[in-house]
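A short write-up of the structure that comes next.
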Amino acid sequence: RRLRVSPLQTYVLKAMGNTCAAPIITNEMNMQVGLPPQKKANSPCVAMIYYSTYGHVKQLAEEIKRGVEETGVSVDLFQVPETLNPDALKALSAADKPADVMVLDRSFLTQLPQYDGLMLGMPTRFGMMAAQMKAFFDGTGGLWQSGALAGKLAATFVSTGTQQGGQETTHFTALTQLVHHGMVYVPLGYQAGGDGQFDLSEIHGVSPWGASTLAGADGSRQPSQLELKCASKHGQVFGNAVKRTLAPAPNRKFKVAVIYYSMYGHVKKLADEIAASMKEDGLTVDLFQVPELLGADVLKAMGAPPKTSDPIMDHAKTKTLADYDGFVFGIPTRFGSAAAQMKAFFDGTGQLWQTGALAGKLCATFTSTGTANGGQESTHMTTLTNMVHHGMIYVPLGYQAGGEGQFDMTELHGGSPWGASTFAGADGSRQPSKMEMNIAKKQGKVFAAKVKQMCK
Numbered sequence: 007r008r009l010r011v012s013p014l015q016t017y018v019l020k021a022m023g024n025t026c027a028a029p030i031i032t033n034e035m036n037m038q039v040g041l042p043p044q045k046k047a048n049s050p051c052v053a054m055i056y057y058s059t060y061g062h063v064k065q066l067a068e069e070i071k072r073g074v075e076e077t078g079v080s081v082d083l084f085q086v087p088e089t090l091n092p093d094a095l096k097a098l099s100a101a102d103k104p105a106d107v108m109v110l111d112r113s114f115l116t117q118l119p120q121y122d123g124l125m126l127g128m129p130t131r132f133g134m135m136a137a138q139m140k141a142f143f144d145g146t147g148g149l150w151q152s153g154a155l156a157g158k159l160a161a162t163f164v165s166t167g168t169q170q171g172g173q174e175t176t177h178f179t180a181l182t183q184l185v186h187h188g189m190v191y192v193p194l195g196y197q198a199g200g201d202g203q204f205d206l207s208e209i210h211g212v213s214p215w216g217a218s219t220l221a222g223a224d225g226s227r228q229p230s231q232l233e234l235k236c237a238s239k240h241g242q243v244f245g246n247a248v249k250r251t252l253a254p255a256p257n258r259k260f261k262v263a264v265i266y267y268s269m270y271g272h273v274k275k276l277a278d279e280i281a282a283s284m285k286e287d288g289l290t291v292d293l294f295q296v297p298e299l300l301g302a303d304v305l306k307a308m309g310a311p312p313k314t315s316d317p318i319m320d321h322a323k324t325k326t327l328a329d330y331d332g333f334v335f336g337i338p339t340r341f342g343s344a345a346a347q348m349k350a351f352f353d354g355t356g357q358l359w360q361t362g363a364l365a366g367k368l369c370a371t372f373t374s375t376g377t378a379n380g381g382q383e384s385t386h387m388t389t390l391t392n393m394v395h396h397g398m399i400y401v402p403l404g405y406q407a408g409g410e411g412q413f414d415m416t417e418l419h420g421g422s423p424w425g426a427s428t429f430a431g432a433d434g435s436r437q438p439s440k441m442e443m444n445i446a447k448k449q450g451k452v453f454a455a456k457v458k459q460m461c462k
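Right, dumping it as structure tokens:
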């Protein structure tokens with residue numbers, strides 16, 4: 007799955023591998039204690055990688071590790087290198103680094119593809135991950151170039167100083183790194199509801215994105231029993247997902263629904279290409295359009311063509327969604343997020359959320375925008391919250407369509423690490439290009455392969 011890149015891109019990536027594979031640590035700073043990294047876990051196995059200033063993320067990591075191991079999956083625990091010098095850490099009253107946890111140095115990054123999944127723990131800084139974790143991600147350029155992590159499972163857990171101070175956005179913003187690698191995101195959803203996730207009688211962390219805790223402004227608050235219990239559940243959810251990737255495939259047909267809204271036909275064209283691609287790979291694929299919210303007079307005034315003959319996924323049909331193995335959602339943008347018609351569809355799945363009927367189902371997204379960079383990424387990203395709340399497993403395209411033109415700079419085209427896309431033009435006159443259709447076809451192949459791997 008090696009990406010096809012130009013000589014200039016190869017030069018830049020080599021530079022990334024040489025300078026960004028790990029934070030630069032001077033002899034003075036290189037005082038962090040810890041064990042040298044080595045792969046100890048046997049498959050099925052997970053690498054749990056974290057940074058912790060005061061020990062909160064480490065406590066979550068240990069509890070999540072126990073949860074993963076309860077499912078029969080082995081775990082290797084790593085801390086990322088520190089980037090602050092000892093004087094800065096002392097001024098912050100930071101906890102001592104654990105001497106019994108391996109330090110994930112630059113040389114070991116090439117071993118990460120040997121794991122079946124990665125769980126990533128990060129404290130928040132201003133609503134996003136700390137620089138130490140960002141330095142770790144920035145050092146994975148060589149793995150990105152080779153596509154070595156594409157298709158691997160990933161999950162996140164966090165710690166924040168305050169309530170609503172990054173409990174969601176730290177996960178949310180970290181997801182871009184995973185998507186660019188083409189890693190499959192496994193959220194917690196509300197699968198820890200029985201462990202206190204819905205509890206409103208006490209202050210606690212934990213979100214649909216994953217386990218979390220609250221450290222307090224001075225770092226004195228420790229993870230509560232409720233938070234640790236939910237962390238263990240998060241580990242169990244992830245461990246079971248990892249096991250799905252390795253279990254023998256059943257002798258049955260896999261069933262996927264492509265659900266879309268299309269006003270001018272652009273999303274419909276992508277939907278047909280993705281559906282045909284999955285059918286070629288042996289999946290049963292049903293196409294549905296969501297109900298229209300605009301009146302006939304409004305649609306006529308907007309120059310919208312007649313609707314297609316695809317069946318309508320009305321509210322009565324949403325109960326059938328539990329019968330599918332996965333979903334690919336086609337979403338035109340409105341102001342950088344999903345059109346109201348698609349949002350109304352998701353809003354109508356409340357009963358499925360209540361019963362957890364879609365938790366663990368696979369999903370993916372594709373989009374259409376009127377302008378370049380006018381929702382090509384944010385439409386996927388902002389719509390993902392609906393799937394995360396359901397506990398659905400998100401399968402991005404990553405750069406696995408590099409051979410289909412994803413890296414091409416000779417023409418304007420859609421297609422992002424999140425998924426296939428096209429440009430409609432401000433007046434809707436531009437049609438999906440051949441390159442965009444090829445990228446859509448590749449997304450169908452990527453999603454079909456993951457469905458066949460994980461759906462038992």
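Heads up, the sequence shown is in my numbering, so the first residue is 7 and it goes up one at a time. Note that CB positions come from ideal geometry on N, CA and C, so glycine has one too.
Asked, Found
"Which of the three DSSP states is assigned to residue 108 in this structure?", "strand"
"Does residue 81 pass the burial test, meaning 16 or more other C-beta atoms within 10 Å, or should it be called exposed?", "buried"
"Can you give, in chain order, each stretch of the alpha helix (DSSP H) that sits fully within the region 127–170 and has at least 4 residues?", "137–144 and 147–152"
"Which same chain residues end up closer than 7 Å to residue 436 when comparing Cβ atoms and leaving out the 5 residues on each side of it in sequence?", "429 and 430"
"Could you tell me whether the region 119–127 touches the region 42–50, where touching means 3 or more Cβ pairs closer than 8 Å?", "yes"
"The alpha helix (DSSP H) with residue 70 in it runs from where to where?", "62–76"
"Compare the C-alpha of residue 102 against each of 115, 85, 457 and 110 and name the closest.", "85"
"Please confirm whether residue 258 and residue 460 have their CB atoms less than 8 Å apart.", "no"
"When burial is assigned at 16 or more other CB atoms within 10 Å of the CB, is residue 337 buried or exposed?", "buried"
"What three-state label does DSSP hand residue 319 in the structure shown?", "coil"
"Apart from the five residues just before and just after residue 179, which ones in its own chain have a Cβ nearer than 8 Å to its Cβ?", "133, 134 and 135"
"Nearest to residue 457 by alpha carbon, out of 247, 128 and 204?", "247"
"What does the Cβ neighbour count give for residue 349, buried or exposed, with the cut at 16 atoms within 10 Å?", "buried"
"In chain order, what residues of the same chain have a beta carbon less than 8 Å from the beta carbon of residue 68, not counting five sequence neighbours either side?", "83"
"Look at the alpha carbon of residue 376 and the alpha carbon of residue 414, and state the distance between them as a whole number of angstroms.", "20 Å"
"Taking the CB atoms as reference points, tell me whether residue 426 and residue 276 lie closer together than 8 Å.", "yes"
"Taking the Cβ atom as the reference point for each residue, do residue 397 and residue 216 lie within a distance shorter than 8 Å?", "no"
"Can you tell which of 450, 455, 182 and 378 has its C-alpha closest to the C-alpha of residue 388?", "182"
"So, helix, strand or coil for residue 199, using DSSP?", "helix"
"CB-CB under 6 Å to residue 131, same chain, minus the five flanking residues each way: which ones, in chain order?", "none"
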